[in-house]
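Take a look at the structure below.
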Amino acid sequence: MSPLHVIVIGAGTGGMCLAHGLRRAGISVAVYERDRTRADGVHGYRVGIDPTGNQALRECLPPELFDTYTATCARTPAHFNVLTERRRTIASFRLPESTDPVHSERSVSRMTLRQVLLTGMDDVVRFGKTFTHYEHGADGTVTAFFDDGTSATGDLLVAADGTGSRVRRQYLPHAKVRDTGVIAVSAKVAVTPETRALLPEEVFNGISATFAPKGQFCIWHVVEFKWDRDGEVKHGVGGNDAELIARWPGLLYDNTRDYINWGFSASARRFPPGVMDLRGEDLKRVVLDMTPNWHPDLRALFRAADPGSCFPIAIRTSEPVDPWETTNVTLLGDAVHTMTPGRGVGANTALRDAMLLTRRLITVRDGAPLLDAVAAYEEEMIPYGFARVADSLAQNGTNGDDLLHRPVVGRAVLAANRTFFRAVGRVPALRRRFVDALVAYRAADA
Numbered sequence: 016m017s018p019l020h021v022i023v024i025g026a027g028t029g030g031m032c033l034a035h036g037l038r039r040a041g042i043s044v045a046v047y048e049r050d051r052t053r054a055d056g057v058h059g060y061r062v063g064i065d066p067t068g069n070q071a072l073r074e075c076l077p078p079e080l081f082d083t084y085t086a087t088c089a090r091t092p093a094h095f096n097v098l099t100e101r102r103r104t105i106a107s108f109r110l111p112e113s114t115d116p117v118h119s120e121r122s123v124s125r126m127t128l129r130q131v132l133l134t135g136m137d138d139v140v141r142f143g144k145t146f147t148h149y150e151h152g153a154d155g156t157v158t159a160f161f162d163d164g165t166s167a168t169g170d171l172l173v174a175a176d177g178t179g180s181r182v183r184r185q186y187l188p189h190a191k192v193r194d195t196g197v198i199a200v201s202a203k204v205a206v207t208p209e210t211r212a213l214l215p216e217e218v219f220n221g222i223s224a225t226f227a228p229k230g231q232f233c234i235w236h237v238v239e240f241k242w243d244r245d246g247e248v249k250h251g252v253g254g255n256d257a258e259l260i261a262r263w264p265g266l267l268y269d270n271t272r273d274y275i276n277w278g279f280s281a282s283a284r285r286f287p288p289g290v291m292d293l294r295g296e297d298l299k300r301v302v303l304d305m306t307p308n309w310h311p312d313l314r315a316l317f318r319a320a321d322p323g324s325c326f327p328i329a330i331r332t333s334e335p336v337d338p339w340e341t342t343n344v345t346l347l348g349d350a351v352h353t354m355t356p357g358r359g360v361g362a363n364t365a366l367r368d369a370m371l372l373t374r375r376l377i378t379v380r381d382g383a384p385l386l387d388a389v390a391a392y393e394e395e396m397i398p399y400g401f402a403r404v405a406d407s408l409a410q411n412g413t414n415g416d417d418l419l420h421r422p423v424v425g426r427a428v429l430a431a432n433r434t435f436f437r438a439v440g441r442v443p444a445l446r447r448r449f450v451d452a453l454v455a456y457r458a459a460d461a
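Heads up: the sequence shown begins at 16 in my numbering, then just goes up one per residue.
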């Protein structure tokens, strides 16, 4: 092992990818996570892993674990659909298929990905550790302190503790994260013959976006896995995938089963006061009260959601920050560049950070100065990270100040939006260009 020791705060997607990459490179690493067990937390929703994320995972994970990751991915969406609140299809775009392990789009459950990334890392991850602050040592080390009175000392401290990062608040107190003025409510609906029948075939087999009056928006994902409700490999799944799933210990901690995931959002001012304190049935009732004119089948899916999976999110975004003086503390993922879900690249950008930081720290293992390596990481990460923040914020509807959310002009913007998608969906050349641009953006950094 290299004498370099890295402390990672947070066992999320980026932090665990980094930990795998460092351990695989022979660099000592320890991850400190506030959840008490590997099954804690709300991690059940879908995330799309694009070629950038796939590349990072393949580079950082051991080969067999990367194969397990690909085996445990959900079915890849076949369509991107744009709908009205009356469930009419404005446009449907066939998405390209690919079996390439890296240059493809993959659909995963956050909980399943979490369990993959925790596999084989029992000696690296310390659960039940809530970070409070850090201190620099006179010998050039850095010590992290936790609320249980313990501490950990290393050569580098990496903040991977998300949007509310305590490390960032101490290290970069001027770095601001602000509310966008949009609230989202997300939930899961179990896939059954009854719930499946509520969605048209292309919607069930794809990703769909509903644009509605009053700036309302809803994203629909259907997530189907290679195992059934009992956790057994489904009929027809064979070969290496079946073997990897059958012997993967992470499934013992993952109760994820086939589900329909909906995410309803609108301007915060459209929601009743106190909505952020609501959960479960009360929150479902809010969504139903806000959507009286939506199609009965869509409302039935709101009603059928598992109350335990239903919670509100205030959409937040980082404000750009100028480069800072490099020390032996650095950041990755949402801890430094929180972005809205507008372009669906938050997790992928965190994975890119992890891959890049791993590469830079390998040079330290091989003799380069630590601060030079961290500076090189930050010099590259800051521009692309905040470029993705800007892209996501520019997406229609993710900012409460968007015209789409305004009472009068919003109707005109909605009509223009629908006209655009109808035109693009009906003209083959425009349809191909739209899909090509979508794929190119998500593969741009791979």
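Glycine included, each C-beta is placed from N, C-alpha and C at the ideal position.
Thr165 is classed as exposed because its beta carbon has fewer than 16 other beta carbons within 10 Å across all chains shown.
Excluding the 5 residues flanking it on each side, Leu445 has same chain C-beta neighbours closer than 6 Å at Val439, in chain order. Spatial neighbours of Gly412 in its own chain (CB-CB distance under 8 Å, excluding positions within 5 residues in sequence) are listed in chain order as Val197, Phe226, Gly230, Phe232, Ser280, Gly357, Leu419, His420. Ranked by Cα distance from Asn96, the first of Cys88, Ile105, Ala175 is Ile105. Residue burial annotation: Pro92 is buried, with at least 16 other C-beta atoms found within 10 angstroms of its C-beta. Apart from sequence neighbours up to five positions away, the residues of its chain that approach Thr156 with a beta-carbon distance below 8 Å are Thr168, Gly169, Asp170, Asn343, ordered along the chain. Taking a C-beta distance under 7 Å as the contact criterion, Val44 and Ala34 qualify as a contact pair. Distance from Gly265 to Leu98 at the Cβ level is roughly 35 Å; contact not present, criterion being Cβ atoms closer than 8 Å. Take the alpha-carbon of Glu112 and the one of Ser119: they are about 8 Å apart. For His352, the number of other beta carbons within 10 angstroms of its own is at least 16, and it is reported as buried.
Note on geometry: alpha-carbon atoms of Gly25 and Thr145 lie some 9 Å from one another.
Contact annotation: Ala329 and Asp194 have beta-carbon atoms nearer than 7 Å.
Contact annotation: Arg457 and Asp115 have beta-carbon atoms that are not nearer than 7 Å. Between Phe317 and Leu303, the beta carbon gap of about 6 Å places them in contact (Cβ cut-off 8 Å).
Along the region 231-307, the beta strand (DSSP E) occurs as fully enclosed runs of 3 or more residues at 232-238, 274-282, listed in sequence order.
Within the same chain, and ignoring the five residues on either side of Val139 in sequence, the residues whose Cβ sits closer than 8 Å to its Cβ are Ala34, Arg38, Val44, Ala45, Val46. Closest option to Val62, judged by alpha-carbon separation, among Pro398, Leu366, Val192, Ala174: Leu366. Per DSSP, Gly221 is not a residue of any alpha helix (DSSP H); the beta strand (DSSP E) it occupies stretches across 221-226. The beta carbon of Arg141 sits closer than 6 Å to the beta carbons of Tyr47 from its chain, once the five residues preceding and following it are set aside; these are given in chain order. Between Thr87 and Ile260 a beta carbon distance of about 6 Å is seen, short of the 8 Å cut, so the two are scored as contacting.
Rounded to the nearest whole angstrom, the CA to CA distance from Asp137 to Gly36 is 15 Å. Counting only the Cα atoms, Cys32 lies some 7 Å from Leu72. Within the same chain, Cys32, Gly36, Gln70, Ala71, Glu74, Cys75 come within 8 Å of Met370 by CB-CB distance, once the 5 residues on both sides are set aside.
In this structure, the alpha-carbon of Pro215 lies about 18 Å from that of Lys203. In the three-state reduction of the DSSP assignment, Gly400 falls in the helix class. In this structure, the alpha-carbon of Phe286 lies about 42 Å from that of Val248. DSSP places Pro384 outside both helix and strand once states are collapsed to three, so it counts as coil. For a cut-off of 8 Å, the C-beta gap from Tyr274 to Ala205 is around 6 Å, short enough to register as a contact. Beta-bridge analysis with DSSP links Pro327 to Val200. Between Ser324 and the set His20, Trp277, Arg403, the nearest pair of CA atoms involves Trp277.
A distance below 7 Å separates the beta carbons of Gly348 and Ala175. If one requires a minimum length of 4 residues, the alpha helix (DSSP H) runs lying completely within the region 77-117 are 78-87, in chain order. Excluding its 5 nearest sequence neighbours in each direction, Leu293 has C-beta neighbours in its own chain below 7 Å: Val301, Pro327, listed in chain order.
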